[in-house]
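Colleague: Counting from 1, one number per residue, gives the positions in the sequence shown under the working numbering. Just so you know, even glycine gets a beta-carbon here, dropped at the ideal spot from N, CA and C.
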Amino acid sequence: MFGRTGVITPLAVFKEGKIVDGSRISKATLNNADIIRKKDIRIGDTVIIQKAGDVIPEVVKALEEKRTGKEIVFKMPENCPVCNSKLVKEQVDYKCVNDECPAIKMQKIIYFASKNCMNIEGLRRKYNKRFN
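What follows is the structure, encoded as structure tokens:
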């Protein structure tokens with residue numbers, strides 16, 4: 001997941017939607033690579049999910065007892081998945097620093113149109129449909 005500053009946030013994507021607090025969840029934040037390592041969350045793990053702040057789905061932990069041995073240790077990509085520029089690590093975040101990256105440009109437009117800025121209704125949905 002991209003932010004307007006170029007920060008790439010790892011996401012867990014579930015094969016089947018999960019119900020958490022009455023909402024069907026298909027993705028959840030993994031926050032950053034350091035947290036993934038600390039929690040030892042692997043690709044293919046069975047995980048526990050919660051809504052952080054009652055809103056954002058996040059992976060709490062992996063259920064190690066459910067591992068089969070086929071799980072893959074997560075590694076952040078070295079290059080931006082959109083523009084292929086080299087990613088830069090800043091504290092705990094990995095960031096695309098290419099000002100011409102289409103994903104960053106899109107997020108900047110979405111932020112500009114958001115309620116906190118220009119409050120342009122409907123633009124976010126239009127861009128999300130077009131670029132996702």
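From which residue to which residue does the beta strand (DSSP E) around Lys39 run?
Modeller: What you label residue 39 is simply residue 39 of the sequence shown in a count that begins at 1. Premise fails: Lys39 lies in the alpha helix (DSSP H), 33-39, not in any beta strand (DSSP E).
Colleague: Going by the DSSP bridge assignment, what does Gln50 pair with across the sheet?
Modeller: Taking the first residue of the sequence shown as 1, we reach residue 50 at position 50. Bridge partners of Gln50: Glu58.
Colleague: DSSP on Asn132, reduced to helix/strand/coil?
Modeller: As a first step, residue 132 is located in the sequence shown; it is residue number 132 there, counting from the start. Legend: pLDDT at Asn132 = 44, less than 50; position of this residue unreliable, value from coordinates given subsequently. Note: Asn132 maps to coil in three-state DSSP.
Colleague: By alpha-carbon positions, which one of Glu58, Asn98, Ile25, Val55 ends up nearest to Glu16?
Modeller: Translated into the one-based positions of the sequence shown, residue 16 becomes position 16. The shortest CA-to-CA distance from Glu16 to any of Glu58, Asn98, Ile25, Val55 is the one to Ile25.
Colleague: At what residues does the beta strand (DSSP E) containing Ile120 begin and finish?
Modeller: The residue labelled residue 120 in the question sits at position 120 within the sequence shown. First-last for Ile120: undefined, no H or E at that position.
Colleague: Flag this pair as yes or no: are the beta carbons of Pro57 and Lys51 separated by less than 8 angstroms?
Modeller: As a first step, residue 57 must be located in the sequence shown, where it is residue number 57. As a first step, residue 51 must be located in the sequence shown, where it is residue number 51. Yes.
Colleague: Out of curiosity, what's the CA-to-CA distance linking Asn116 and Thr46?
Modeller: Along the sequence shown, one-based indexing puts residue 116 at 116. Along the sequence shown, one-based indexing puts residue 46 at 46. Approximately 37 angstroms, taken between the alpha carbons.
Colleague: Could you say which of Gly22, Lys18, Ser23, Ile36 lies nearest to Pro10 if we only look at CA atoms?
Modeller: Locating residue 10 in the sequence shown gives position 10, counting from the first residue. Comparing Cα-Cα distances from Pro10 to each of Gly22, Lys18, Ser23, Ile36, the minimum goes to Ile36.
Colleague: Does DSSP put Glu78 in a helix, a strand or coil?
Modeller: On the sequence shown, position 78 is the one that residue 78 refers to. Glu78: coil per DSSP, three-state reduction.
Colleague: Quick one: using the 10 Å Cβ neighbour count with 16 as the cut-off for buried, is Asn31 buried or exposed?
Modeller: As a working mapping, residue 31 is identified with position 31 in the sequence shown. With 16 or more other Cβ atoms within 10 Å, it is buried.
Colleague: Report the rounded CA-to-CA distance for Lys89 versus Gly3, giving the unit in angstroms.
Modeller: As a working mapping, residue 89 is identified with position 89 in the sequence shown. As a working mapping, residue 3 is identified with position 3 in the sequence shown. Between Lys89 and Gly3, the C-alpha separation is close to 15 angstroms.
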